[in-house]
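The numbering used here puts the first residue of the sequence shown at 42, with every later residue one more than the last.
All residues carry an ideal CB built from backbone N, CA and C; glycine is no exception.
Note that this is a predicted model, so its numbers are computed, not measured.
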Amino acid sequence: MHAHLLEFDPVHGLWPAVFAAGEASISIDGTRIPVTSARNLEDQPLDSVNVVIDCTGAFRTEANLTPYFAAGVKKVIVSAPVNDGPGIICSPAKVFCVPLSNNVAVMDW
(Lines of atoms letter the chains of each structure in order from A; the text may use other names.)
(Lines give C-alpha, C1' and ligand atoms only; values in the text may rest on other atoms or scores of the structure.)
Protein backbone atom coordinates (compact mmCIF):
# COMPACT_ATOMS: atom_id res chain seq x y z
CA MET A 42 0.00 0.00 0.00
CA HIS A 43 2.85 2.44 0.84
CA ALA A 44 4.49 1.94 -2.56
CA HIS A 45 1.16 2.45 -4.34
CA LEU A 46 0.43 5.67 -2.43
CA LEU A 47 3.87 7.05 -3.27
CA GLU A 48 3.61 6.13 -6.93
CA PHE A 49 0.07 7.48 -7.40
CA ASP A 50 -0.10 10.49 -5.06
CA PRO A 51 -3.55 12.14 -5.26
CA VAL A 52 -2.07 15.63 -4.80
CA HIS A 53 1.26 15.52 -6.64
CA GLY A 54 0.34 13.00 -9.35
CA LEU A 55 2.33 10.10 -10.77
CA TRP A 56 5.92 9.63 -9.57
CA PRO A 57 7.89 8.34 -12.59
CA ALA A 58 9.88 5.62 -10.83
CA VAL A 59 9.79 1.84 -10.51
CA PHE A 60 8.06 0.83 -7.27
CA ALA A 61 7.92 -2.56 -5.57
CA ALA A 62 6.42 -3.62 -2.26
CA GLY A 63 8.08 -6.10 0.07
CA GLU A 64 6.88 -7.61 3.33
CA ALA A 65 8.44 -4.86 5.49
CA SER A 66 9.83 -2.51 2.86
CA ILE A 67 9.26 -0.64 -0.34
CA SER A 68 11.72 -0.23 -3.21
CA ILE A 69 12.01 2.85 -5.37
CA ASP A 70 14.14 2.38 -8.48
CA GLY A 71 15.83 -0.57 -6.78
CA THR A 72 16.62 1.20 -3.50
CA ARG A 73 15.07 -0.69 -0.56
CA ILE A 74 13.47 1.41 2.20
CA PRO A 75 12.36 -0.39 5.39
CA VAL A 76 8.79 0.36 6.53
CA THR A 77 7.66 -0.30 10.10
CA SER A 78 4.45 0.16 12.00
CA ALA A 79 3.67 -0.11 15.70
CA ARG A 80 1.12 1.39 18.04
CA ASN A 81 3.80 2.55 20.51
CA LEU A 82 7.03 4.32 19.62
CA GLU A 83 8.87 2.19 22.18
CA ASP A 84 7.98 -0.92 20.13
CA GLN A 85 9.79 0.37 17.03
CA PRO A 86 13.27 -0.99 16.22
CA LEU A 87 15.07 2.37 16.06
CA ASP A 88 18.61 1.51 17.18
CA SER A 89 20.08 1.56 13.66
CA VAL A 90 17.83 4.21 12.09
CA ASN A 91 19.28 7.46 10.77
CA VAL A 92 16.10 9.12 9.45
CA VAL A 93 12.47 8.59 10.49
CA ILE A 94 9.54 9.86 8.45
CA ASP A 95 6.72 10.19 10.95
CA CYS A 96 3.27 10.33 9.36
CA THR A 97 1.22 9.52 12.46
CA GLY A 98 0.16 13.07 13.29
CA ALA A 99 0.68 12.16 16.95
CA PHE A 100 4.00 13.95 17.50
CA ARG A 101 3.06 17.61 17.13
CA THR A 102 5.36 19.15 19.74
CA GLU A 103 9.13 19.12 19.91
CA ALA A 104 8.99 17.42 23.34
CA ASN A 105 6.94 14.56 21.88
CA LEU A 106 9.74 13.89 19.38
CA THR A 107 12.47 13.40 22.02
CA PRO A 108 11.93 9.60 22.29
CA TYR A 109 13.10 9.29 18.68
CA PHE A 110 16.38 11.03 19.49
CA ALA A 111 16.75 9.15 22.78
CA ALA A 112 16.54 5.92 20.75
CA GLY A 113 19.42 7.09 18.54
CA VAL A 114 17.57 8.47 15.52
CA LYS A 115 19.56 11.29 13.88
CA LYS A 116 16.79 13.09 11.94
CA VAL A 117 12.98 13.11 12.02
CA ILE A 118 10.78 14.30 9.17
CA VAL A 119 7.26 15.00 10.43
CA SER A 120 4.40 15.19 7.92
CA ALA A 121 2.32 17.45 10.18
CA PRO A 122 3.01 20.86 11.70
CA VAL A 123 5.07 20.76 14.90
CA ASN A 124 3.49 23.51 16.95
CA ASP A 125 6.50 24.63 18.99
CA GLY A 126 9.47 23.28 17.11
CA PRO A 127 11.80 24.20 14.32
CA GLY A 128 11.65 22.58 10.92
CA ILE A 129 11.62 23.38 7.24
CA ILE A 130 8.97 25.27 5.39
CA CYS A 131 8.22 24.21 1.81
CA SER A 132 6.00 26.11 -0.55
CA PRO A 133 3.10 24.09 -2.02
CA ALA A 134 4.72 24.49 -5.43
CA LYS A 135 7.99 23.16 -3.96
CA VAL A 136 9.81 26.24 -5.21
CA PHE A 137 11.75 26.84 -1.99
CA CYS A 138 12.57 25.19 1.32
CA VAL A 139 13.84 27.07 4.36
CA PRO A 140 15.74 24.93 6.90
CA LEU A 141 15.09 25.90 10.51
CA SER A 142 16.80 23.06 12.41
CA ASN A 143 19.36 20.29 12.02
CA ASN A 144 17.23 17.54 13.56
CA VAL A 145 13.54 18.11 12.85
CA ALA A 146 11.94 18.80 9.48
CA VAL A 147 8.25 19.64 9.24
CA MET A 148 6.55 19.19 5.90
CA ASP A 149 3.07 20.68 5.93
CA TRP A 150 1.45 21.10 2.54
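- Between the alpha carbons of P75 and F49 lies a distance of about 19 Å.
- Membership of T107 in any beta strand (DSSP E) is not indicated; the residue belongs instead to the alpha helix (DSSP H) covering 107–111.
- Excluding its 5 nearest sequence neighbours in each direction, A61 has C-beta neighbours in its own chain below 8 Å: A44, I67, S68, listed in chain order.
- Separation of the CB atoms of L106 and V92 is rounded to 13 Å, and the pair is thereby denied contact status at 8 Å.
- A112 has its alpha-carbon roughly 18 Å from the corresponding atom of R101.
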